[in-house]
Structure formats: structure tokens, C-alpha cells
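Input: a single structure, listed below in C-alpha cells.
Structure follows, in C-alpha cells:
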């Protein structure tokens, strides 16, 4: 337990350091772009522009702005106002987009696990069979086909040719099915391969032979003695998998017109909405960091030999 | 060694010694005949036995050659739009004449005739220039020739900013094939451009991005990792801590942020002033984020190899540091570097496609596969089923990534010493 607390404290320290680096780089980039939010559209009278700049703290020296903005984030969690979305603060956009993106990501991951692990187990147990061969070919395909290509093929098939699902939107389970499938498919392919490799390794161990020899049913052997050991690589893959899902959701939210964080982020990037983009980058950093820490902890829980770093 | 060799045996020796010397000479001869199987020939042998990997390699080789020879192939123009008659045509087999679109205003609606006409006019101008005695007039005419070539030359109307090599290849193509062009067997896109030629020209960009960005990541990763591993101690731990931090940054988002910044007009102008193409920066940015794994792997390898017995053995027999590094360390690191290289190229290509798909990567009029897919997905949401705009670029990208992944797996298994006697 003390171990865990120490680990968490260290992790938080690293998180803060990482956030600080990301923040600094983003801030420098943001401020080195010439012009300011008020210079582009209609020309504002100089006096009013001065007032606006004073209101938004843009007239302060850069170091002052850097510190003030950072202080705003730390003390009030205030990421500032969007430069391009009318009447939205960055926090509001995040609050609206986060639940959508999070549920999409969770559905995608759950789908990937539910599909990948059984596929890996079956192809390892029936090694060399037709099922094994076809599933592993599908897995390589799943890794090679980028998920936006998959999404367009799936839309062609299941929206236009066989109208089973709606093409986009958000809210119902039917609308969620296709994007979650496309998001989860590459992850499922990796998980299936990892599970198969892990299973094959554990199946050749001595303790499995002993379990078989003492007459346990093969079902019990596989579920109790093989699977837990075989899943370790899968657990450690979940960190990168989260990163992959977050990345994938960027394109899928665009294709399926889902109002999540990803589509806002893309719009922010395309329209040069620097405050929003910075808020998004910071949020994604925290998300990835938290997910990686959870993976580390669960790894240590599953395998007692592993010490928390 | 040398003083025991039969050549230095004293000439006074009797018959026994002569026989012994002959035996030794034969032994030496034989030992010269034996050729050790090097790591590479062994790996190559094993790779050749994997049919999937070899098929992927051949397919990729064909793809690279075709992409390099694209200007030479009788393809239609990748940028000439025909909004009137050729928008979103399904795949067809009716042949097309180069330069036949009315809007181009080519002489006899033919590229060859137009080229001849235009060159004739330019020659006329050149003759005037050579005849001109006034140096000022000469400069004027020179400028005029350059201007007209840039704007009016048929090649510049049908292709986008050809390099000098591609220009020469285009010329050769006109000389060989004349006005013939392959029919639009992949259909046309929403602006009436031929999809087959766009897929080919896109392959050039996508492949170059893959290779260049991977090389950038290779240079950074290997030098960083080798430095950390070689120096060891506190330098090593600081450098690896930095890598740890970078690992936990969601790079895709930072890169998108960075590209946003690079896309700003004033930044673009600043870069253009210094003669830097935006696409070059793009290569470097992508390359600069894929070096982390490479540096970790190289560092680990160098660290463990430094204390290996064969290194110490080499040192004991008096090999120089230079020899140890290049004969013993580098080949051992190289295997794993090549494995990561083959696995990084598809990742980088995928990332480029991903960014171009989002509209943040390669900008028109340059073409890349990701961008073609983006156009395709946009056309998908319409009422009619324009499947070809998605299926062909998607298949090209997926097939390439598929082959690269297979090749990467094959190379990894072939270079893995543990796999040696398994097949």
C-alpha cells in the first residue's frame, strides 16, 4: 500500500512536469504567431482594441501572460476563451465534448477486448486450424487497414448498400455501433495477436502440463491456468491502445459527425483557435497519463513479481 | 599466425619437413575455402523461405519502381479538371486523348500538336533574343520566355510543378506514347480528374514521406540512443528520463498543433523566404516524433553489448576501438534497427495519410493517398454511390501497409537468432 502511494505521488510529479513542458511549448507557439484575436476580422477602433487587449491580458509582457495564464489554469481551472467559437469558453467545449468522446472510446475499447481476447484464445487452442488461419489473417488486415479506410468501407456497406445503420450523428446505440466498431477493430486485431502469442507461450509451460496430467478439464486449464498468464502482454498493451483509440477518435468523429472532443480539436486546429487547441492538448495529455498509470498499477496487481516503477 | 605458416619453413628441411609443410599448406588452403555464414546471409536465407515476406517485398519493389516511373507512364493529367463532362465518372474503358479537353484550348485538341506549336513560338522568341543587340532587350526577352514557360507550357497546365527529372521523363513519354493515355479505369473524382493517375502521383508523395520521415527518425533515434548507451551513468539516466517524458505526451495532438502553427500564412511566407518547402518541414516533424522507440532499443542494445564476451574477446586479441565499434557493435545493433525501420515506415505512412485525411498534411495541388481518401469520404455522403473514389485509394494504401507489415514481421523473424533452427 505504501508502495502504491509512493508510486502515485511520483506519477503526479511526472504528470506536472509533462504538463508544464506541453504548456510551455504550446504557449510559445501560440504567442509567436503574429496578430491577435482581434486583429483579423473587422477593424476595431484602436481605443476599444486597447481595452479588449487589457481585458484579456494581451497587453502584458509575455512572461507575465505566461504566468497569469498558467495561474488561471492552476487556481480556477480556467483555460480561457475560444478564439473562433462564438460565446464558448474552452472549459464549456471540453465539458460538452468529453462525455461523448469518453463513451465512444470506452465502447471501442470494450468492443476490442470482447472481440480480441476470445479470438486469440480460440486461435491458440486450435492452432493451425482453419479458424486460426482465418482469424489471424483478419488480424493482420485489421492492423494494416487504417481505421478511416475501414470507416468508409463500412459506411458504403452498412449505410448505403444495406441500410442497417445511420451514417452519423450521436445519441442512440445504433448510431454508436459503427464508429465504435471502426475504433475498436485495429485494437482488437492487436489484442488477438498478443493473446494468441501469450497463450501459446503459457500452454507450453510445465504447470499447464501438470494441470492436464492431474485430469482437469481442458476448459478449466485454459481459463484458470493459462489465460491469466497469457493476458499480461494484453494488459500492458492497453496503454498504447488508449493512445490509439484517442487518435482514432479524431478521424472517426469527423467521418461520423460526432460532436466529441476530437472533432472540436480538428476544427480548432484548422481554424487556428489556439486557446482551444492548447486546452485540448493538455486534456489529452492528462487522459493518456492517467490511463498509463492505471495500466501500470493493474499490471502490478495481476503479476505480483512486478514492482511499481 | 604468420610465423607458423608453411611459407616461412626453413628451406634446409628434409623430406619429412617438406611433407609436413605441404600438409600445412593444404590445411591453410582449405581453411581459406571455408566461408562462414554471416548474420546477413543467414537472415537473407531465412527471409527467402517465407513466401509472404518475399511476395510483399516483390510487390513493394514493383510499387516503388512504378512510382518512380510515374511521369513516364501514359497516365492522364492528375490535376486537369473537367467540371463539365467528366465529374465522378464510374470506371470506364473508353480511351482518352491527352489535351482533348476544350477548356485547355490546345491546338488540334492534342498535346503533341500543342507542344510543337508552343515550342515553335518559344524558338522564335529565342531567335529574337539571340539576334537582339541591345542587352536590355535581351534580358526582357529572356524574362518573357521564362514567364511564358511557367504559365503557358502545356506540361505546366497538365502537371503540377514537375522537377527537372520528371520533366525529362514527361518529354520522353510524349515521344513514346504521343497523345495516348490509359482510360480512366479507376473512374474520376468530383472535379473530373482521373483517379488512376492521382493514385499514382499520390504514391510518390506517400512513399517519399514514409522513407524520408523514417530516415529522419533513424538518424535522431540511433545517435540519441547510442550516445546514451555509450556514455552511460548520469548522462544516460537524464537522457532516458527525457524520453520517458516525451513518451507520455500525446504526440499526435502536439503535432497537429505544430502543423497548425506552420500553416499560418506569415509563418509560411517566412519559410518560403528562406527557401524551405512546407512539405520538407512536414517530413521532419513526422520523423521527429517516431524516434523514441528507436532510441530506447538502440540504447538498450549498446548498453548490453558493451559488456558482452565477444567484445571483450575482440579487445583481448588487440582489436582497436574503431574495429570493435564497426565490426562488432554496429552489425549487432543494425539488425534490430532494420527491424524497427521496416515497422516504422508503415506507421509513418499511416500517420501521413491520417494527417492528410484531416486536411492537415500534404496540401493541394500536391496529392497523397490520405488526401484522396478524404475527397472520397466527402463524396460518400451524397445520394448516389460513388464507391470508386474511396475503394481505389483505400485499397492502394491498405495493400501497401499490408505488405510493409508482412515484410517487417518477416525481417524481424529472420534476424531473430532465437528463430534460427525453428523452420
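Residue numbers (my numbering), protein chains in the order written: chain A, 1 to 309; chain B, 1001 to 1423. Glycine is no exception: its CB is placed at the ideal position from the N, C-alpha and C atoms.
| Check | Outcome |
| --- | --- |
| Starting from the Cα of residue 1222 of chain B, find the closest Cα among B:1138, B:1176, B:1340, B:1271 and give me that residue. | B:1340 |
| Would residue 187 of chain A and residue 241 of chain A qualify as a contact pair, given that the criterion is a beta-carbon distance under 8 Å? | yes |
| Note down the Cα distance separating residue 218 of chain A from residue 250 of chain A, rounded to an integer number of angstroms. | 43 Å |
| According to the neighbour-count rule (16 or more other Cβ atoms, all chains shown, within 10 Å of its Cβ), is residue 1369 of chain B buried or exposed? | buried |
| Which runs of the alpha helix (DSSP H) fall wholly inside the region 1302 to 1328 of chain B and span at least 4 residues, in chain order? | 1309 to 1316 |
| Does any CB atom of chain A fall closer than 8 Å to the CB of residue 1291 of chain B? | no |
| Which of helix, strand or coil does DSSP assign to residue 1270 of chain B? | helix |
| Of all the residues that make up the region 1367 to 1389 of chain B, which are near chain A by a beta-carbon distance shorter than 7 Å? | 1373, 1376, 1377, 1380, 1381, 1385, 1387 |
| Let me know if residue 20 of chain A comes out buried or exposed under the rule of 16 or more other beta-carbons within 10 Å of its beta-carbon. | exposed |
| From the beta carbon of residue 1264 of chain B, is the nearest beta carbon of chain A less than 8 Å away? | yes |
| Let me see if you follow: with CB-CB separation under 8 Å, is residue 285 of chain A close to chain B or not? | yes |
| Mind listing the chain A neighbours of residue 1288 of chain B? Cutoff is C-beta to C-beta under 7 Å, in chain order. | Within chain A, no residue comes near residue 1288 of chain B; the closest Cβ sits about 13 Å away, beyond 7 Å. |
| Sorry if obvious, but does the Cβ on residue 196 of chain A come closer than 7 Å to a heavy atom of the ligand MG? | The ligand content of the structure shown is nil, which means the ligand MG is not present either. |
| Looking only at DSSP bridge pairs, what is residue 1194 of chain B linked to? | B:1188 |
| Which residues of chain A have a Cβ atom closer than 8 Å to the Cβ of residue 1085 of chain B, listed in chain order? | Within chain A, no residue comes near residue 1085 of chain B; the closest Cβ sits about 25 Å away, beyond 8 Å. |
| Have a look at residue 1413 of chain B and residue 164 of chain A and give me their C-alpha separation to the nearest angstrom. | 43 Å |
| So for residue 1288 of chain B, helix, strand or coil by DSSP? | helix |
| Along chain E, in chain order, which residues have C-beta atoms closer than 7 Å to that of residue 1357 of chain B? | The structure shown contains no chain E; its protein chains are A and B. |
| With a Cβ-Cβ cutoff of 8 Å, do residue 239 of chain A and residue 90 of chain A count as a contact? | no |
| Can a CB atom of chain B be found closer than 8 Å to the CB of residue 195 of chain A? | no |
| Tell me whether the beta-carbon of residue 1253 of chain B lies closer than 8 Å to the beta-carbon of residue 27 of chain A. | no |
| CB-CB under 8 Å to residue 1144 of chain B, same chain, minus the five flanking residues each way: which ones, in chain order? | 1125 |
| Looking at C-alpha atoms only, which residue of B:1411, B:1163, B:1086 is the closest neighbour of residue 1344 of chain B? | B:1411 |
| Would you mind telling me which residues of chain B sit closer than 9 Å to residue 145 of chain A, beta carbon to beta carbon, in chain order? | 1394, 1397, 1398, 1401, 1402 |
| Helix, strand or coil: which one does DSSP assign to residue 1112 of chain B? | helix |
| Would a check of beta-carbon distances place residue 1339 of chain B closer than 8 Å to chain A? | no |
| Given this structure, state the Cα-to-Cα distance separating residue 1362 of chain B from residue 1213 of chain B, to the nearest angstrom. | 14 Å |
| Find the residues of chain B that neighbour residue 281 of chain A, judging by a C-beta separation of less than 9 Å, and give them in chain order. | 1249, 1250, 1253, 1254, 1256, 1257 |
| Three-state secondary structure (DSSP) at residue 103 of chain A? | helix |
| Is residue 1391 of chain B closer than 8 Å to residue 255 of chain A when the C-beta atoms are compared? | no |
| Using a Cβ cut-off of 8 Å, pull out every chain B residue sitting near residue 140 of chain A, in sequence order please. | 1402, 1405, 1406 |
| Does any CB atom of chain A fall closer than 8 Å to the CB of residue 1063 of chain B? | no |
| Quick one: does residue 1360 of chain B have its CB under 8 Å from some CB of chain A? | yes |
| Against chain A, with Cβ distances strictly below 8 Å, would residue 1220 of chain B count as a contact? | no |
| Taking just the CA atoms, how far does residue 1028 of chain B sit from residue 1021 of chain B? | 10 Å |
| Using a Cβ cut-off of 8 Å (strictly closer), state whether residue 4 of chain A contacts chain B. | no |
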